[in-house]
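Here it is in structure tokens:
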């Protein structure tokens with residue numbers, strides 16, 4: 048059902064040959080094993096294309112969020128590169144993917160910083176375009192001491208990402224292993240890119256955040272949709288208070304078009320619908336510090352691992368470790384884990 052074929056776990060490890068090793072003459076079986084390992088080592092990392100937003104995040108730390116009409120003092124503030132698209136691109140790159148970003152920045156002081164940041168994280172930025180006479184996307188992120196956050200978003204140049212931009216990147220999308228998208232860019236652009244991927248037989252993952260006012264169920268025509276419990280509730284109308292509620296929402300999303308569904312439930316873990324049945328995956332116990340990038344870490348890692356290993360249970364467990372790690376560190380992109388950090392958390396008792 049869920050289990051399928053995974054890449055060999057030794058992929059990416061170097062073979063160590065000492066002088067004595069080189070003098071040995073392995074038998075035919077041993078030579079076959081050696082050739083097989085060499086072949087495995089040559090398998091490239093999964094090719095992930097991320098279409099989405101690129102923002103500058105202004106992070107403000109406060110004891111509690113202000114009520115309407117209330118002014119409170121924050122304890123600190125700083126700027127970090129973000130945007131759900133950029134965050135997920137960086138998350139996928141750090142998790143082991145070969146990543147290309149499709150998006151837009153403005154022609155303001157932030158634009159070069161945002162592009163440089165992608166490059167520094169080994170994300171291919173050749174499909175990131177500068178938009179004249181427009182500001183880059185901006186997010187004001189207020190983080191409570193509990194780790195919970197609220198975000199005020201200004202789309203800026205992200206709102207100028209068009210169907211033509213997606214079509215111009217057709218070759219990148221059709222030659223990728225997976226297309227990962229969110230909804231901080233125009234819905235029409237997301238639908239166009241999804242159609243390009245679908246026509247080419249490329250897997251498409253949608254993180255439906257934020258849920259747009261112009262929601263259409265055409266957005267569900269993807270290989271996997273991965274909302275959090277709030278977003279799943281907005282789309283389905285199901286108030287998710289229990290695991291059974293999450294199952295109901297997941298089945299509804301499947302009936303309405305999604306092939307597979309992953310609903311993240313915060314401290315209650317993750318609900319996976321695949322192969323006609325639901326499975327609840329327990330969370331990794333952590334003490335959350337800042338949940339701002341937990342969902343983006345999850346989505347980026349999920350895309351990479353699902354492309355590597357055609358097993359959604361394994362991919363969700365991998366992604367859960369990435370999300371848990373991000374929640375225990377402050378900031379958006381600074382909190383995103385490396386492959387080594389994800390694997391270490393997965394194996395921690």
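Numbering (this note's numbering), first residue to last: 48 to 396.
Note that CB positions come from ideal geometry on N, CA and C, so glycine has one too.
Whose C-alpha, out of the options, is nearest the C-alpha of residue i?
i	options	result
residue 325	310, 183 and 147	310
residue 247	374, 191, 222 and 356	222
residue 338	379, 157 and 319	379
residue 137	162, 294, 152 and 113	162
residue 393	376, 362 and 191	362
residue 331	217, 356 and 312	312
residue 234	126, 226 and 255	255
residue 336	385, 373, 305 and 245	373
residue 264	195, 191, 376 and 305	305
Would you please state the rounded distance, in angstroms, between the beta carbons of residue i and residue j? I believe it to be under 8 Å.
i	j	result
residue 224	residue 354	4 Å
residue 144	residue 350	7 Å
residue 308	residue 333	With 8 Å as the limit, residue 308 and residue 333 do not qualify as a contact, their Cβ atoms being about 24 Å apart.
residue 295	residue 316	Contact flag wrong, Cβ pair sits at about 17 Å.
residue 186	residue 116	Actually they are not in contact, since the Cβ atoms of residue 186 and residue 116 sit about 22 Å apart, beyond 8 Å.
residue 112	residue 191	6 Å
residue 229	residue 99	5 Å
Residue i by DSSP, collapsed to three states: which one?
i	result
residue 171	strand
residue 389	helix
residue 51	Caution is warranted here: a pLDDT of 40 is assigned to residue 51, below 50, making its placement in the model unreliable, and no coordinate value can be reported.
residue 115	coil
residue 184	strand
residue 229	coil
residue 334	coil
residue 269	coil
residue 161	helix
residue 376	coil
residue 381	helix
residue 208	coil
residue 124	strand
residue 221	helix
Along the chain, where does the alpha helix (DSSP H) that runs through residue i open and close?
i	result
residue 135	131-141
residue 302	290-302
residue 243	234-247
residue 258	First-last for residue 258: undefined, no H or E at that position.
residue 343	341-355
I'd like to know whether the C-beta atoms of residue i and residue j end up nearer to each other than 8 Å.
i	j	result
residue 205	residue 231	yes
residue 279	residue 239	no
residue 287	residue 262	no
residue 416	residue 95	Only positions 48 to 396 of the chain appear in the structure, and residue 416 is not among them; the question remains open.
residue 132	residue 97	yes
residue 345	residue 366	yes
residue 293	residue 276	yes
residue 252	residue 217	no
residue 343	residue 134	yes
residue 183	residue 107	no
residue 142	residue 347	yes
residue 319	residue 360	yes
residue 160	residue 207	no
residue 314	residue 382	no
Mind checking which residues open and close the beta strand (DSSP E) that includes residue i?
i	result
residue 321	317-321
residue 151	145-152
residue 285	It is not in any beta strand (DSSP E) - residue 285 carries neither H nor E in the DSSP assignment.
residue 94	94-98
residue 90	First-last for residue 90: undefined, no H or E at that position.
residue 197	196-201
residue 311	307-311
residue 1	This structure cannot speak to residue 1, because the chain is shown only from 48 to 396.
residue 325	324-328
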